[in-house]
Structures are given as C-alpha cells and as structure tokens.
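A short worksheet on the structure shown next.
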Amino acid sequence: NAGVTQTPKFRVLKTGQSMTLLCAQDMNHEYMYWYRQDPGMGLRLIHYSVGEGTTAKGEVPDGYNVSRLKKQNFLLGLESAAPSQTSVYFCASQPRGYSNQPQHFGDGTRLSIL
Amino acid sequence: GENVEQHPSTLSVQEGDSAVIKCTYSDSASNYFPWYKQELGKRPQLIIDIRSNVGEKKDQRIAVTLNKTAKHFSLHITETQPEDSAVYFCAASGRYSTLTFGKGTMLLVSP
C-alpha cells in the first residue's frame, strides 16, 4: 500500500516549456487535490477533483490545467511554464463523504522554472 | 472564500517549555480544523485535528482548542523537545473538504 505517489520528485524546466505532474493513489479515494507551497506560505489549493471525470478550480488555478480520467490518477499540467510557477507541489487525497477526515499527502514535486 | 490567519510566524522556546500557536478563520461554515507538522523537505504530517462540535482535544503532549464563536483555534505543545522543531500549519476545511492553510509557524526548541 503506497498511499499517494507523486512523479517526478524533482524537475527543472525552461520558461515556456510544458510538463505534467502525476499523482497516483491506491486507497480508492474519491477526492483528490493539488496544492502548491512557496517559501513563507502555507499550501494553496490549485485544483481539486471530487470524482473521476470532474475537476474544479481552487484558490490559485491560473496557468494550470488538470485531468482526472481515472479515479486513482490526478494530473496537473503546466502548458507554458513561468518562473512564478517555481514551487513545491503536493498532491493529496481523501475518501468522499468523510469531510472530517484527514487528507493523505504525497511527498511533493520540487519544480524549478528557469 | 475562507481566510486563515496564523500567529506567530516564528516561535523560539527552551526545551521543556510550552508553545502556543494561534489561528483565526473567517468562514463560519468551516467544520474541521487540522494541524500539520512539516520538517524541512518533507510532506506535511497531520499531528492533531478537531471538529466543530468539539471544544478541545488532547493527544499526549499536544492539545488543540476551538472557539467557534470567536472563530479561532489554537495548538498547545507542552514539555517541548528539540524534535518538536519544525514548521506547523493550521488549516480550515471548506466545501468538498478543501483546506485553507495558515502561513505557518516555525518552532525552534533549544536544548
């Protein structure tokens, strides 16, 4: 039981390049989330999904797209990377119907945009 | 949307002292308040949480209190140890269990 797995763990991009971050969970959770963490800041919600085929915007969605084609996977895409997107990205998951249960976090992806 | 304020941003204590971190939230509909500990380069780890129908919860040296009327909640760590040194985040849960985090408190426990 791996929990929440994020790939890659590290990545360096040039401005304008695109990439996709993958989040996979093996706990059969319905809810999945993408957060970013910048120095001196708490985690901020980018996008989230309450089920396969559904996604919604969070607090800081601009410049990102997401897809949830399979229940276990939640993908975060950067179409044209910008230096302001340099951050640590965390994925989390949670079972539906348990609004007072803790979210399970992945180990994070450290992304640098040059 | 929800707004969570956290204070202080840094906290230095001597080993054995108590530490208190305070948070306020704005959305009265928030009903779940977790606290996370994050060590450098690691994922946030849940250390304690409290639901809106409970005023206080304790787990060994850690306790959390919630005042729904005032919309604030606090983390209390007693008998601090050097291994308690980390960044602590409070959060409030909103619609679809989305979390709004405070900006964090860096706790330094000196031996």
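From first to last, the protein sequence lines stand for chains A and B.
According to this note's numbering, the first sequence is numbered sequentially starting from 1.
According to this note's numbering, the second sequence is numbered sequentially starting from 1.
Backbone N, C-alpha and C fix where the C-beta goes; we use that ideal spot for every residue, glycine too.
Through-space distance from residue j to residue i, alpha-carbon basis
i	j	result
Lys-57 of chain B	His-104 of chain A	21 Å
Met-32 of chain A	Glu-52 of chain A	10 Å
Ala-86 of chain B	Glu-39 of chain B	5 Å
Ser-112 of chain A	Ser-18 of chain A	12 Å
Asn-53 of chain B	Pro-111 of chain B	38 Å
Gln-6 of chain B	Pro-34 of chain B	13 Å
Thr-78 of chain B	Tyr-25 of chain B	24 Å
Ala-63 of chain B	Leu-11 of chain B	17 Å
Gly-16 of chain A	Asp-107 of chain A	26 Å
Cys-91 of chain A	Val-13 of chain B	32 Å
Asp-59 of chain B	Pro-44 of chain B	18 Å
Residue-level contact to chain B via CB, residue i, 8 Å cutoff
i	result
Gly-108 of chain A	yes
Gln-25 of chain A	no
Glu-79 of chain A	no
Pro-8 of chain A	no
Pro-102 of chain A	yes
Gln-94 of chain A	yes
CB contact below 8 Å: residue i versus chain A
i	result
Asp-49 of chain B	yes
Tyr-88 of chain B	no
Leu-186 of chain B	Since the displayed chain B opens at 1 and closes at 111, residue 186 of chain B lies outside it and no answer follows.
Ser-97 of chain B	yes
Lys-22 of chain B	no
Tyr-1 of chain B	Sequence check: residue 1 of chain B is Gly here, not Tyr. Cβ-Cβ to chain A under 8 Å: yes for Gly-1 of chain B.
Phe-101 of chain B	yes
Gly-104 of chain B	yes
Short Cβ contact (8 Å threshold) for residue i with residue j
i	j	result
Thr-105 of chain B	Gly-16 of chain B	no
Asp-26 of chain A	Ala-2 of chain A	yes
Leu-66 of chain B	Asp-84 of chain B	no
Lys-37 of chain B	Ile-47 of chain B	yes
Arg-11 of chain A	Thr-109 of chain A	yes
Ser-93 of chain B	Ser-30 of chain B	yes
Ser-9 of chain B	Lys-71 of chain B	no
Gly-40 of chain A	Phe-101 of chain B	no
Tyr-89 of chain A	Gly-77 of chain A	no
His-47 of chain A	Thr-55 of chain A	yes
Val-66 of chain A	Ser-49 of chain A	yes
Leu-21 of chain A	Leu-75 of chain A	yes
Ile-21 of chain B	Leu-99 of chain B	no
Residue i (DSSP reduced to helix, strand or coil)
i	result
Ser-18 of chain A	coil
Gln-85 of chain A	helix
Pro-34 of chain B	strand
Arg-68 of chain A	coil
Arg-43 of chain B	coil
Glu-83 of chain B	helix
Ser-80 of chain A	coil
Ser-52 of chain B	coil
(request) Check distances from the C-beta atoms of the stretch 25 to 42 of chain A to those of chain B and list, in chain order, the residues that come in under 9 Å. (result) Residues passing the 9 Å Cβ filter: Tyr-31, Tyr-33, Tyr-35, Gln-37, Gly-40, Met-41 and Gly-42.
(message) Taking beta-carbon pairs under 9 Å, can you tell me which members of the stretch 24 to 53 of chain B lie near chain A?
(response) Within the stretch 24 to 53 of chain B, those residues whose Cβ lies closer than 9 Å to any Cβ of chain A are, in chain order, Asn-31, Tyr-32, Pro-34, Tyr-36, Gln-38, Gly-41, Lys-42, Arg-43, Pro-44, Gln-45, Leu-46, Asp-49, Arg-51 and Ser-52.
(request) Determine which residues of the stretch 40 to 74 of chain A have a Cβ less than 8 Å from any Cβ of chain B, and write them out in chain order. (result) Here the close residues are Gly-40, Met-41, Gly-42, Leu-43, Arg-44, Leu-45, Tyr-48, Val-50, Ala-56, Gly-58 and Glu-59.
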